[in-house]
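Participant: Quick one: structure below, then a few questions.
Number of protein chains: 2
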Amino acid sequence: MSDAYYLHLTDRLRELLQDPAAFGGDRLPAERVLAERFRTTRVTLRQALAQLEGEGRIHRSNRRGWFVSPPPLDYDPTRDAGFNDYVKAQGRQPRTEVLLTDTRPHRPAAEALGLPVDQPFHHIRRRRFVDDRAVLSESLWVVPERAPQLLEGDFTGSLWGQLRGRWGLTLAHRSLRLYSETLGAQEAEELGVAAGTAGLSVRRTIFDARRRPVEYDEEHWLHNALCITVDLENTA
Amino acid sequence: MSDAYYLHLTDRLRELLQDPAAFGGDRLPAERVLAERFRTTRVTLRQALAQLEGEGRIHRSNRRGWFVSPPPLDYDPTRDAGFNDYVKAQGRQPRTEVLLTDTRPHRPAAEALGLPVDQPFHHIRRRRFVDDRAVLSESLWVVPERAPQLLEGDFTGSLWGQLRGRWGLTLAHRSLRLYSETLGAQEAEELGVAAGTAGLSVRRTIFDARRRPVEYDEEHWLHNALCITVDLENTA
């Protein structure tokens, strides 16, 4: 019975969270107030809140209570849009900070692209924001032969746009690997969260139309900042 | 300097973990032994182990130390293979337990399929295993009009196979949403892990060739049990 009520309460709160005016702002009322409003115990209320936290709809802020989470960014990996484009298309504000650029070997890039482990790469590390919230820490590794003066460019915009425009490269063969991870110390620091926070890792390997290796990138997204969406039409 | 060494140590350990014989089994030596072997401090060693844990390559077992994690299952959402097929194709052993079947309304299914919220669904909840490790807890919600005597069937195999074979349905239009989550109490219990453990949520909405709503499902995968892989060929 209590189990059923917790599920019912979760549904009601989930529904309320879809209405921006339901709680008069981004901050939820105190747990005591919520428990009274929904005529339930703190224990049951916390079960429902934990469920909604797991779904990424609310988050806790240290000692300041519960807050409505911004909706995740939708990203369709089968399409070709860059970060700035798909963030803006969702009515949100993108921003990019370049953290470092250098040239050096990187074993995972070499392995993914089928190159010797001592192969140097042009490396760009950057942090990307949606509505001023840091959501993505990424490292891009580009084969220098494909894009020799790459590091003289500006990387707050689209890297792929530059590879296409400045070097006439096609990004013909792309493979993606996505998995759930816990953020390492460096990524967590760059995203302003505790190490061990849940994240989503996206690794991309790109070859051009002649199947020459072009780029490898490693993205670390903040837990719940990203929702992967794929629409499939099937003739079967 | 210590930072650089931690990265180097992580690389070396990652490489060793790819060799099944490196540690003589699934269990890593004690941290003290590892620190001696790699001539490093426990602090630096633990940084490297935490990094590899985040990548899903190793996991901790209560008081029994560190273990090599089984490789994640690859799943390509753009293809049409069922769980049993893609698990076996990767040389691993699938198993399915049906936890319950009933018929009742479910708001997220109704919303996803564009049906009234009091629409009842045939509901199947099951738990799926790879090599005897519970990796997936899922609920399937099928529109009863599409598959009237559905619940009389056996659900340890492919649901889609039944929908195709018994009712001649096509699963023509599929949309997927994937996001990183923390597992709720029920899913965590079904997967034998602590609530709040990282997971990957997959939600699928399916319409037939006539765009009639067929099925909605919610999957909760254990953190790191699944790696989404997509290969894209681009003519651009």
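The listed protein sequences correspond, in order, to chains G and U. 112 is the number that full-length UniProt numbering gives to position 112 of the first sequence; each next residue is one higher, with no gaps. 35 is the number that full-length UniProt numbering gives to position 35 of the second sequence; each next residue is one higher, with no gaps. Backbone N, C-alpha and C define an ideal beta-carbon position, used for all residues, glycine too.
According to DSSP, is Ala-198 of chain G helix, strand or coil?
Facilitator: If DSSP states are grouped into helix, strand and coil, Ala-198 of chain G belongs with the strands.
Participant: Establish whether the CB of His-123 of chain U and some CB of chain G are separated by less than 9 Å.
Facilitator: Closer than 9 Å: no.
Participant: Would you give the residue range spanned by the beta strand (DSSP E) that Thr-101 of chain U belongs to?
Facilitator: That run of the beta strand (DSSP E) goes 94–105.
Participant: Apart from the five residues on each side of it in sequence, which residues of its chain come closer than 8 Å, Cβ to Cβ, to Leu-45 of chain U?
Facilitator: So the qualifying residues of the chain are Leu-9, Glu-31, Leu-34, Ala-35, Phe-38.
Participant: Could you name the residues of the same chain whose beta carbon sits closer than 6 Å to that of Ala-109 of chain U, not counting the 5 residues immediately before and after it, in chain order?
Facilitator: The answer, listed in chain order, is Phe-121, Trp-141, Tyr-216.
Participant: Can you confirm whether Asp-179 of chain G, when its beta carbon is compared against all beta carbons of chain U, has any partner nearer than 9 Å?
Facilitator: The residue asked about is misnamed: residue 179 of chain G is Tyr in this sequence, not Asp. Yes, contact with chain U.
Participant: Counting only beta-carbon atoms, is Pro-72 of chain U nearer than 9 Å to chain G?
Facilitator: Cβ-Cβ to chain G under 9 Å: yes for Pro-72 of chain U.
Participant: Mind pulling the chain U residues with CB within less than 9 Å of Pro-77 of chain G?
Facilitator: Within chain U, the residues near Pro-77 of chain G are Ile-228, Val-230, Leu-232.
Participant: Can you tell me whether Leu-80 of chain G is buried or exposed? The criterion is at least 16 other CB atoms within 10 Å of its CB, across all chains shown.
Facilitator: Reading off the sequence, residue 80 of chain G comes out as Asp, not Leu. With fewer than 16 other Cβ atoms within 10 Å, it is exposed.
Participant: Run down chain G in chain order and give the residues with a C-beta less than 8 Å from the C-beta of Gly-114 of chain U.
Facilitator: Within 8 Å Cβ-Cβ: nothing; Gly-114 of chain U doesn't reach chain G, min ~15 Å.
Participant: Could you tell me which chain G residues have their CB closer than 8 Å to the CB of Phe-11 of chain U, listed as they occur along the chain?
Facilitator: Just to set this straight, residue 11 of chain U is Asp in the shown sequence, not Phe. Going along chain G in sequence order, the residues near Asp-11 of chain U (Cβ under 8 Å) are Arg-107.
Participant: Mark Ser-139 of chain U as exposed unless 16 or more other C-beta atoms lie within 10 angstroms of its C-beta, in which case mark it buried.
Facilitator: Counting Cβ neighbours within 10 Å, Ser-139 of chain U comes out buried, since at least 16 surround it.
Participant: Would you say residue 247 of chain U faces chain G, with C-beta separation under 9 Å as the test?
Facilitator: It is not possible to answer for residue 247 of chain U, since the shown part of chain U is limited to 1 through 236.
Participant: Do we get a CB-CB distance below 9 Å when we pair Glu-53 of chain U with the residues of chain G?
Facilitator: Answer yes: the Cβ-Cβ gap between Glu-53 of chain U and chain G drops below 9 Å somewhere.
Participant: Could you tell me the alpha carbon to alpha carbon distance between Pro-29 of chain G and Gly-56 of chain G, rounded to whole angstroms?
Facilitator: Spanning the two alpha carbons is a distance of roughly 18 Å.
Participant: For Gly-161 of chain G, write down the residues that DSSP places opposite it in a beta bridge.
Facilitator: In DSSP, Gly-161 of chain G forms no bridge with anything.
Participant: Less than 6 Å between C-beta atoms, sequence neighbours within five positions excluded: which residues of the same chain meet that for Gln-93 of chain U?
Facilitator: Result list for Gln-93 of chain U: Asp-131, in chain order.
Participant: Within the same chain, show all residues whose beta-carbon is closer than 7 Å to that of Ala-82 of chain G, passing over the 5 residues directly before and after it, in chain order.
Facilitator: The displayed chain sequence assigns Gly, not Ala, to residue 82 of chain G. Excluding sequence neighbours, Gly-82 of chain G sits near Ser-158, Trp-160, Gly-161.
Participant: Which same chain residues end up closer than 7 Å to Val-98 of chain G when comparing Cβ atoms and leaving out the 5 residues on each side of it in sequence?
Facilitator: Only Ile-124, Arg-126, Phe-155, Thr-156 meet the Cβ criterion.
Participant: For Gly-184 of chain U, count neighbouring C-beta atoms within 10 Å of its own C-beta (all shown protein chains included) and say buried if the count is 16 or more, exposed if not.
Facilitator: Under this definition Gly-184 of chain U is a buried residue.
Participant: Please give me, in chain order, every unbroken run of the alpha helix (DSSP H) with length at least 4 that falls completely inside the segment 102–154 of chain G.
Facilitator: 107–113, all fully within the segment 102–154 of chain G.
Participant: Under 9 Å between the Cβ atoms of Leu-171 of chain G and Gly-199 of chain G?
Facilitator: No. Outside cutoff.
Participant: Quick one: Cα of Ala-236 of chain G to Cα of Leu-169 of chain U, how far?
Facilitator: The predicted model places Ala-236 of chain G with a pLDDT of 48, which falls under 50 and marks its position as unreliable, so this point remains unresolved.
Participant: Taking the beta strand (DSSP E) that Phe-83 of chain G falls in, what are its first and last residues?
Facilitator: Counting along the chain, Phe-83 of chain G falls outside any beta strand (DSSP E), though it belongs to the alpha helix (DSSP H) covering 83–89.
Participant: Using only the alpha-carbon positions, how far apart do Ala-195 of chain U and Phe-23 of chain G sit?
Facilitator: Rounded to whole angstroms, Ala-195 of chain U to Phe-23 of chain G spans 27 Å at the Cα level.
Participant: Please compile the residues from chain U whose C-beta is within a distance smaller than 8 Å of the C-beta of Asn-224 of chain G.
Facilitator: What Asn-224 of chain G touches in chain U: Tyr-179, Ser-180, Glu-181.
Participant: Thinking C-alpha only, which one of G:Thr-101, G:Leu-52, G:Asp-26, G:Val-117 is nearest Leu-7 of chain G?
Facilitator: Residue G:Leu-52 is the option with its Cα nearest to Leu-7 of chain G.
Participant: To which residues of the same chain is Arg-104 of chain G closer than 8 Å at the C-beta, ignoring the five residues directly before and after it?
Facilitator: So the list reads Pro-120, Phe-121, His-123, once near-sequence residues are dropped.
Participant: Check whether the Cβ atoms of residue 239 of chain U and Leu-115 of chain U sit closer than 9 Å, and answer yes or no.
Facilitator: In the structure as shown, chain U starts at 1 and stops at 236, and residue 239 of chain U therefore has no counterpart that could be examined.
Participant: Expressed to the nearest angstrom, what Euclidean distance is found between the alpha-carbon atoms of Gly-102 of chain G and Pro-144 of chain G?
Facilitator: Position check: residue 102 of chain G holds Asp in this sequence, whereas Gly was assumed. If I take the Cα positions, the gap works out to 11 Å.
Participant: Using a Cβ cut-off of 9 Å, which residues of the segment 81–93 of chain G contact any Cβ in chain U, in chain order?
Facilitator: Against chain U - using a Cβ distance shorter than 9 Å - the segment 81–93 of chain G contributes no residues.
Participant: Cβ of Trp-221 of chain G less than 9 Å from any chain U Cβ?
Facilitator: Output row for Trp-221 of chain G: interface = yes.
Participant: Is there at least one Cβ from chain G nearer than 9 Å to Glu-215 of chain U's Cβ?
Facilitator: Not an interface residue.
Participant: What does DSSP give as the partner residues of residue 237 of chain U in its beta bridges?
Facilitator: Given a span of 1 to 236 for chain U in the structure shown, any question on residue 237 of chain U remains unanswerable.
Participant: Please determine, among U:Ala-21, U:Gln-186, U:Glu-233, the residue with the shortest C-alpha to C-alpha distance to Glu-219 of chain U.
Facilitator: With distances taken between Cα atoms, Glu-219 of chain U lies closest to U:Gln-186.
Participant: When the Cα of Val-135 of chain U is compared with those of U:Pro-20, U:Gly-192, U:Arg-211, U:Leu-163, which residue comes out closest?
Facilitator: The shortest Cα separation from Val-135 of chain U among U:Pro-20, U:Gly-192, U:Arg-211, U:Leu-163 belongs to U:Gly-192.
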